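Note sheet for the following structure.
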Amino acid sequence: MKELQHLNKYFLKYKTHLLTGIVITIIARIFLLFTPRYVKQIFVIIENYLKGGVTEAAIKADLTEAILYIIGAAIIGGILTFFMRQTIINVSRYIEYDLKNEIYEQYQKLSLNFYKKNRTGDLMNRITEDVGRVRMYAGPAIMYSINTIALFVIVIIYMFNASPKLTLYTILPLPILSVIIYKLSKEIHKRSTIVQEYLSKLSTFTQESFSGISVIKAYGMEPQTAQNFNILAKESKDKQIDLTKVQAWFFPMMVLLIGVSNLLVIYIGGMQYIDGEIESIGTIAEFIIYVNMLTWPVATVGWVTSIVQQAEASQKRINEFLKTVPEIKNDVSSHTEITGGITFKDVYFTYDDTNIQALKGISFSIQAGETLAILGKTGSGKSTILDLVGRLYDIDKGSILVGDTEINQLNLNDLRNNIGYVPQDAFLFSDSIKTNIKFGNQEATDDDVIEAAKNAQVHKNIMKFNKGYDTVLGERGITLSGGQKQRVSIARAIIKSPKILLFDDCLSAVDTETEEKILKNINKLSTDRTSIIVSHRISSAQNADKIIVLDAGEIVQEGTHNNLINKEGYYKELYLKQLSEDSSNSL
Numbered sequence: 001m002k003e004l005q006h007l008n009k010y011f012l013k014y015k016t017h018l019l020t021g022i023v024i025t026i027i028a029r030i031f032l033l034f035t036p037r038y039v040k041q042i043f044v045i046i047e048n049y050l051k052g053g054v055t056e057a058a059i060k061a062d063l064t065e066a067i068l069y070i071i072g073a074a075i076i077g078g079i080l081t082f083f084m085r086q087t088i089i090n091v092s093r094y095i096e097y098d099l100k101n102e103i104y105e106q107y108q109k110l111s112l113n114f115y116k117k118n119r120t121g122d123l124m125n126r127i128t129e130d131v132g133r134v135r136m137y138a139g140p141a142i143m144y145s146i147n148t149i150a151l152f153v154i155v156i157i158y159m160f161n162a163s164p165k166l167t168l169y170t171i172l173p174l175p176i177l178s179v180i181i182y183k184l185s186k187e188i189h190k191r192s193t194i195v196q197e198y199l200s201k202l203s204t205f206t207q208e209s210f211s212g213i214s215v216i217k218a219y220g221m222e223p224q225t226a227q228n229f230n231i232l233a234k235e236s237k238d239k240q241i242d243l244t245k246v247q248a249w250f251f252p253m254m255v256l257l258i259g260v261s262n263l264l265v266i267y268i269g270g271m272q273y274i275d276g277e278i279e280s281i282g283t284i285a286e287f288i289i290y291v292n293m294l295t296w297p298v299a300t301v302g303w304v305t306s307i308v309q310q311a312e313a314s315q316k317r318i319n320e321f322l323k324t325v326p327e328i329k330n331d332v333s334s335h336t337e338i339t340g341g342i343t344f345k346d347v348y349f350t351y352d353d354t355n356i357q358a359l360k361g362i363s364f365s366i367q368a369g370e371t372l373a374i375l376g377k378t379g380s381g382k383s384t385i386l387d388l389v390g391r392l393y394d395i396d397k398g399s400i401l402v403g404d405t406e407i408n409q410l411n412l413n414d415l416r417n418n419i420g421y422v423p424q425d426a427f428l429f430s431d432s433i434k435t436n437i438k439f440g441n442q443e444a445t446d447d448d449v450i451e452a453a454k455n456a457q458v459h460k461n462i463m464k465f466n467k468g469y470d471t472v473l474g475e476r477g478i479t480l481s482g483g484q485k486q487r488v489s490i491a492r493a494i495i496k497s498p499k500i501l502l503f504d505d506c507l508s509a510v511d512t513e514t515e516e517k518i519l520k521n522i523n524k525l526s527t528d529r530t531s532i533i534v535s536h537r538i539s540s541a542q543n544a545d546k547i548i549v550l551d552a553g554e555i556v557q558e559g560t561h562n563n564l565i566n567k568e569g570y571y572k573e574l575y576l577k578q579l580s581e582d583s584s585n586s587l
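Residue numbering for the sequence shown follows the UniProt record's numbering, starting at 1 and increasing by one per position.
Following this line, the structure appears as structure tokens:
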């Protein structure tokens with residue numbers, strides 16, 4: 001139960017609902033216990049009639065009264081039980097809502113390293129399947145536990161008042177039940193954990209398969225993928241069956257022990273009636289009803305125990321992520337002004353997941369409103385610089401200044417709100433094109449959206465769709481071509497009007513003519529903004545105020561376009577190569 005203590009704050013939050021539910025439960029149980037008492041009364045009435053001295057009219061009146069009491073108590077008890085379920089089960093839905101929000105907020109705080117180490121399917125499973133199992137604990141498990149405890153306490157008191165000796169014989173099987181529950185619960189907890197792990201594996205596999213369906217189809221890997229899924233599904237099924245085999249012991253054991261209790265009531269009660277220790281045979285009937293009233297609650301002990309064990313296993317998995325401390329912390333609560341100037345001083349950075357040193361003593365500086373172009377071979381550290389400017393990672397050594405302030409001394413929200421970022425792999429949401437562009441500025445008008453799309457040279461393409469800007473995109477923007485996705489991403493960054501614009505090779509899928517138009521628009525918009533452009537094309541870099549060339553995480557060349565084309569090195573080689581390619585394409 002240690003892991004489930006995390007939910008105590010939510011139980012305190014909704015304590016009024018829970019306490020109301022407990023009070024209603026106790027009152028409902030009291031009303032339902034009218035039935036065995038009046039059944040006994042009916043037997044007493046009949047016995048008195050058989051002994052003589054009671055008129056037929058009187059016994060009819062007494063029987064009618066007893067029956068009406070039973071019906072009335074059952075109706076009131078049923079109504080109260082309905083309100084009990086409404087009160088306590090609603091609390092579980094509130095807790096489910098709060099817990100999902102807590103997990104989602106934690107996911108948002110965690111760094112990119114976390115997402116590199118954990119799969120999307122597993123993250124989804126913890127916020128859906130695992131939370132669902134925890135909800136069963138916070139609702140049905142608690143409701144039936146309260147119901148069972150209340151019923152047990154009240155029934156045992158009633159039974160003891162009626163016949164202490166018979167009560168002791170009746171509850172004799174309960175210690176045996178406790179030992180069985182303890183043994184089975186340990187095994188259920190272990191197997192529940194394994195089941196949840198396999199559900200995460202299944203979720204991860206299916207999520208990756210659906211996301212990469214175009215690659216699977218292109219390579220004709222459908223049979224192999226289906227086979228791999230079947231293997232994983234079979235393993236998951238086997239683990240579920242292993243769990244079910246243990247759970248299947250609960251109900252038969254409950255029924256057996258309740259049956260033993262009934263036999264003890266009939267035998268011991270019968271002997272007591274013969275010996276005159278019990279005045280009326282109605283007491284035996286009353287006890288049998290009590291025992292059978294306990295049948296379902298006792299049976300639910302196993303079910304509730306199973307739910308609790310599964311919930312604890314799930315909450316443990318949830319707690320693993322909730323206890324993960326975000327690597328990137330926003331230690332500045334006050335607002336900070338972002339001016340746009342960027343300075344790297346002897347910056348070193350190594351990726352934790354691969355242990356690859358991406359940057360080795362990088363130093364450069366650009367003033368607010370200037371444009372920096374970064375070129376270099378694949379894996380030279382270009383994209384890493386952009387990630388560090390957005391403080392998606394913290395550096396190992398050195399310092400990064402935005403304006404005159406260390407980047408970790410800036411309010412993280414203010415920093416990122418002043419950055420427009422176009423990633424190398426353009427990611428669009430499964431929503432309308434308009435909504436995707438407005439993602440950069442929720443307050444933007446339709447005119448702002450159109451203006452941003454025009455500057456990104458994608459307006460004409462959008463208008464060719466039947467629904468224009470209201471066209472809903474497929475997952476990850478699959479409805480659009482690569483070039484269109486990149487241009488919508490550019491529009492999303494432009495509409496934000498940020499102090500800093502970061503372009504990570506975002507024109508690679510665009511033809512040179514369109515690229516030139518976009519760059520002109522970006523230059524026009526960037527007069528008072530700091531821009532960093534990562535590219536493999538000289539055409540994207542030649543108008544920049546400063547150009548740096550990276551190789552294996554180090555700056556090997558630095559200067560302007562005119563300076564670098566006159567120096568031997570990577571930049572000149574790339575310039576001549578692309579110049580030659582452009583000449584060949586024009587022929």
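Cβ atoms here follow ideal geometry from the backbone N, Cα and C, with glycine treated the same way.
Bear in mind that the values here come from a model prediction, so they are computed numbers and not experimental data.
Sequence-distant partners of Ala-358 (beyond 5 residues in either direction) whose C-beta falls short of 8 Å from its own C-beta, in its chain, are Phe-349, Thr-350, Tyr-351, Gly-381, Thr-384 and Gly-553. Contiguous beta strand (DSSP E) elements confined to the segment 164–202 do not occur, taking only those with 3 or more residues. Proximity to Glu-475 across Leu-410, Ser-211, Gly-340 and Glu-277 peaks at Ser-211, based on C-alpha coordinates.
Straight across, the Cα-Cα distance linking Lys-2 with Tyr-97 is about 22 Å. Taking the C-beta atoms as reference points, Ile-374 is found no nearer than 8 Å to Ile-494.
If you look at Ser-383, you'll find it in the alpha helix (DSSP H) that goes 382–389.
Nearest neighbour of Leu-579 by Cα position, chosen from Lys-567, Asp-551, Lys-546 and Arg-537, turns out to be Arg-537.
Distances from the alpha-carbon of Ile-171 to those of Gln-367, Ile-338, Ile-156 and Leu-32 put Ile-156 closest. Gly-132 sits in a helix when the DSSP states are folded into three classes.
A contact is defined here as three or more CB-CB pairs under 8 Å, and the segment 236–247 fails this definition with respect to the segment 216–227. Straight across, the Cα-Cα distance linking Lys-100 with Asn-436 is about 25 Å.
Distance from the CA atom of Met-136 to the CA atom of Thr-128, rounded to whole angstroms, is 12 Å. Every alpha helix (DSSP H) of 4 residues or more that sits fully in the segment 90–146 is shown, in chain order, as 112–117, 120–125 and 131–136. Non-local C-beta neighbours of Lys-467 in its own chain, meaning closer than 7 Å and more than five positions away in sequence, are absent. Remark: C-beta atoms of Ile-490 and Val-422 approach each other more closely than 8 Å. A direct Cα-to-Cα measurement between Leu-151 and Arg-29 gives close to 6 Å.
Taking 8 Å as the cut-off, the beta carbon of Leu-428 is found no closer than this to the beta carbon of Val-510. Contact check between the segment 503–523 and the segment 432–451: fewer than three CB pairs, one atom from each, fall below 8 Å, which does not count as touching. Beta-bridge annotation (DSSP): Gly-341 is not paired with any residue. Judged by beta-carbon spacing, Leu-502 lies within the 8 Å limit of Val-389, meaning their Cβ atoms are closer than that value.
Between Lys-438 and Val-449, the CB-CB gap stays under 8 Å. Of Glu-312, Pro-223 and Ile-26, the smallest CA-CA separation from Ala-138 is found for Glu-312. Only residues of its own chain outside the window of five on either side were considered, and among them Ile-59 have a CB closer than 7 Å to the CB of Tyr-49, listed in chain order. Out of Ile-395, Val-308, Phe-287 and Gln-207, the CA that lies nearest to the CA of Ile-188 is found in Val-308.
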